[in-house]
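If you're matching positions, the sequence shown starts at 7 in the numbering used here and goes up one per residue. For glycine and all other residues, C-beta sits at the position ideal for the given N, C-alpha and C. First the structure, in the form of structure tokens, and then the observations on it.
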Amino acid sequence: MSPRMDSDAGALLGRATLQQGGKVLKRSPWRWWPRSWVSSASRKGLSRAFALSLALGLSLTGCSEPDIAGLDKKLSELQADPSGIKLPPVPELPRYVAVAYDQSGRRSPFLARQPEAEAAPAGASDLAPDPDRPLDPLEAYPLDQLELVGTLSVGNQPSALVRAPNGEVHRLTSGDHMGTDYGRIVSITEASVQLVEVVNNGRGGWVERTRRLLLDDPTTNQAG
7 MSPRMDSDAG
17 ALLGRATLQQ
27 GGKVLKRSPW
37 RWWPRSWVSS
47 ASRKGLSRAF
57 ALSLALGLSL
67 TGCSEPDIAG
77 LDKKLSELQA
87 DPSGIKLPPV
97 PELPRYVAVA
107 YDQSGRRSPF
117 LARQPEAEAA
127 PAGASDLAPD
137 PDRPLDPLEA
147 YPLDQLELVG
157 TLSVGNQPSA
167 LVRAPNGEVH
177 RLTSGDHMGT
187 DYGRIVSITE
197 ASVQLVEVVN
207 NGRGGWVERT
217 RRLLLDDPTT
227 NQAG
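Take a look at the structure:
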């Protein structure tokens, strides 16, 4: 209902005050004016106008409220028959498949890699010196203490003259041993003696090393 209609209705419903020639007149809503001023037909028209205004105000008030009757009806139906509620199907969960772990004997990925041990040279175990072989006299001295003082050849068989630290000269041929590293003579020339030593490689194996003893110069003993 508009503010103007509310004002009109209040004027019709309330008590009106009217002054006429200094005299205050109080009348009912349909008798605003003195009875002599308004005819009977006019009073009936005012009554109908009041009724129409009241009905219009009530209708406008009803229209301003939301219509929840339909919602109440739907809720009542669902409460009475819950089976009518349709829910979406539950999605199928993925099937768990266990993975067999067969790496228990391998290195843990959380541990640092360890350097791999170097393999001993091939045939190292075969190079081990014979502990039962009798030692030659010059195997009691390191090679750098031995001196080649001469060579000679008898019947195409070369020999080497080697002096020990005690001054004694020994005559050696190919196959003889000297030095503390199991050195075996493999070649004799006019100015040198070549031998092969067998030394421990520090990893439980043995390796061969070539050495050379030069004539009259013990300080020039060379590794091959």
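Nonlocal neighbours in the same chain, by C-beta distance under 8 Å from residue i, ignoring five residues either side
i	result
S42	In this predicted model, S42 has a pLDDT of only 49, less than 50, meaning its place in the structure is not dependable; the value taken from the coordinates is given anyway. Here the set comprises nothing.
K79	none
Y147	A170, P171, M184, G185, T186
A75	none
T179	Q163, P164, S165, A166, I191, I194
V175	V155, L167, V168, R169
Residue i versus residue j - alpha carbon distance
i	j	result
L152	T195	17 Å
L219	R209	28 Å
R217	V160	24 Å
E98	I91	21 Å
D150	Q120	40 Å
D108	P137	48 Å
T157	L144	17 Å
V96	P115	40 Å
S110	L117	14 Å
L84	L93	13 Å
P140	N206	20 Å
D132	Y188	14 Å
DSSP state of residue i mapped onto helix, strand, coil
i	result
L117	coil
G76	helix
E98	coil
P164	strand
Q109	coil
S8	The predicted model places S8 with a pLDDT of 44, which falls under 50 and marks its position as unreliable, so this point remains unresolved.
S159	strand
L144	helix
E83	helix
S180	coil
Assumed close pair residue i, residue j - CB separation to whole angstroms, cut-off 8 Å
i	j	result
D182	D222	In fact, because the Cβ distance is near 20 Å, the residues do not count as touching under 8 Å.
Cβ shell of residue i (< 7 Å), same chain only, five flanking positions each side left out
i	result
A197	L220, L221
Close Cβ partners of residue i (< 6 Å) along its chain, the five nearest in sequence each way excluded
i	result
V202	R190, V192, E214, T216
A134	W212
Q200	V192, S193, R218
S82	none
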